[in-house]
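Asker: Please see the structure below; I have some questions.
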Amino acid sequence: MHGLIREHLEEALQDAADRPASEEVARHLSGCQACRDEVRGMREQNRVLRSLRAEDTPEAAPGFYARVLERIDAQGSPSIWSAFLDPIFDRRVFAVSLALAVVLGGFLVFSEATIAPPASAGAIVEMQDHPAGLGQDRQRDRDTMLIALATYRE
Amino acid sequence: MGSLSGTLRLPAAGGKILAKPRVDYKNSEEAALVRRVQVADQMAFREIVERYQSKVFSIIYGILRNHNDAEDIAQQVFTKVYFSIGSFDFRSSLLTWVYKITVNECYDYLRKRKVRRLVYESDFSPEDALRAEGSEQARDQRPSVETAVADRDLALKLLARLPEEERTLLLLKEVEGHSVEELAEMTGINENTIKVKLFRARRKLVNVARRLSRSRKAAAG
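Taken in order, these protein sequences are the chains called A and B.
Start counting the first sequence at 916; every next residue gets the next number (the working numbering).
Start counting the second sequence at 3; every next residue gets the next number (the working numbering).
In structure tokens, the structure reads:
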């Protein structure tokens, strides 16, 4: 299709009775078979497309708005699982999980540091042999007592 | 087709300026209505439904010609409007946006119901091919009601071959009867670009029709 017809295509596609194409366009079309064929094909497509025009349009039945709201409610009520698809919810869950992990981790680290490691068997035997330290360290006293009870024989 | 300037001559400097200033949809009365819906104002949404329901029914009925389905699809259109209005960007008019949603819903409906099978060449009947070619023989073969039904069917099949934007533009131009100038205002797209898009869409339709015609001739003999 030539540039002139491309440029004035919408004008050229108008029905002649509606709005005649400009003289320049009409002259070109009368002399150019290729443009004439293409414009004819496009006019035919227009005719087919215009069959989609609705002559008599049905009106919405009374209560249409209420039915739209019902549908919105039905489609808008969230399921339990849909909450997991919400990115904001996901971010919040991640933040809370991270905070919990930090708190628990911190607790474990600090509690490890404050609790004395259990005494070794050798140290306990040593303590039994030399009970002078009794009363100074309650944890050690407890361990000593437990060993004494466990190894007690009549 | 090449670039825009290669396709359509741009207005010469100092000459008649084709493109009108863009409509500022962000500051229109319609935009105020949309913003009210965006903050969950039910009355504003009701106003939108009441303002556009006739248009939506008209579009749906034009495509499907079915009263019962028109109600169902119209409900779905406004449900989509409600849920998507938060993303409405005011680049086009609300009507254009609603129009696009409506046409898409109609095509979704046709796909789901398989009223219209996936359109391949084989879906076109020999009569469709004649009709697409613009043959007088095809038009005269049937009584007018049947011709109208066949034309509608063919129009839907041909439009299914186009991208969503080109389809909407052609429908707004040929079915709704808007001018290029009005389309530019409604879509926020420059007039020359509208012309280019329409030209591409029309050429695609003509090419599909030609292919159909050739395949029909080849099959015939």
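Beta carbons: idealized from backbone N, C-alpha and C, even for Gly.
Does V41(B) come out as helix, strand or coil in the three-state DSSP assignment?
Answerer: coil
Asker: Please decide whether I920(A) counts as near chain B, where near means a Cβ-Cβ distance under 7 Å.
Answerer: no
Asker: Residues of chain B with a CB under 7 Å from the CB of Q990(A): which are they?
Answerer: T81
Asker: May I have the straight-line CA-CA distance separating S217(B) from F59(B), to the nearest angstrom?
Answerer: 37 Å
Asker: I need the DSSP call for H923(A), collapsed to helix, strand or coil.
Answerer: Secondary structure of H923(A) (DSSP, three-state): coil.
Asker: Using 8 Å for Cβ pairs, my map puts V51(B) next to F80(B). What's the rounded Cβ distance?
Answerer: 5 Å
Asker: Mind checking whether V954(A) and D153(B) have CB atoms under 7 Å apart?
Answerer: no
Asker: Answer with yes or no whether the minimum CB distance from L156(B) to chain A is below 7 Å.
Answerer: yes
Asker: Quick check: the stretch 77-95 of chain B against the stretch 1004-1015 of chain A, are at least 3 beta-carbon pairs closer than 8 Å?
Answerer: no
Asker: Classify E974(A) as helix, strand or coil using the three-state DSSP reduction.
Answerer: DSSP places E974(A) outside both helix and strand once states are collapsed to three, so it counts as coil.
Asker: Closest by CA to V940(A), which one among G918(A), Q960(A), M957(A) and P973(A)?
Answerer: G918(A)
Asker: Going by other Cβ atoms of all chains shown within 10 Å of its Cβ, with 16 needed for buried, is V1024(A) buried or exposed?
Answerer: Looking at its Cβ environment, which holds fewer than 16 other Cβ atoms inside 10 Å, V1024(A) is exposed.
Asker: Should G245(B) be labelled buried (16 or more other beta-carbon atoms within 10 Å of its own) or exposed?
Answerer: Absent from the model: residue 245(B). The displayed extent of chain B is 3 to 223, so no value can be given.
Asker: Quick check on the DSSP output: the alpha helix (DSSP H) that includes V182(B) runs from which residue to which?
Answerer: Membership of V182(B) in the alpha helix (DSSP H) is indicated by the continuous run V182 to T189.
Asker: At the 7 Å Cβ level, is A932(A) part of the contact set with chain B, yes or no?
Answerer: Its pLDDT being 47, under 50, A932(A) is placed unreliably in this model, and the value from its coordinates should be taken loosely. Judged by the 7 Å Cβ criterion, A932(A) is not in contact with chain B.
Asker: In angstroms with no decimal places, state the Cα-to-Cα distance between H180(B) and T149(B).
Answerer: 25 Å
Asker: So that I know if they touch, is there some Cβ in chain B lying closer than 7 Å to that of A969(A)?
Answerer: yes
Asker: Going by C-alpha to C-alpha distance, which of A949(A), R1068(A) and S1035(A) sits closest to R1055(A)?
Answerer: Residue S1035(A) is the option with its Cα nearest to R1055(A).
Asker: Buried or exposed for D155(B), going by 16 or more other Cβ atoms inside 10 Å?
Answerer: buried
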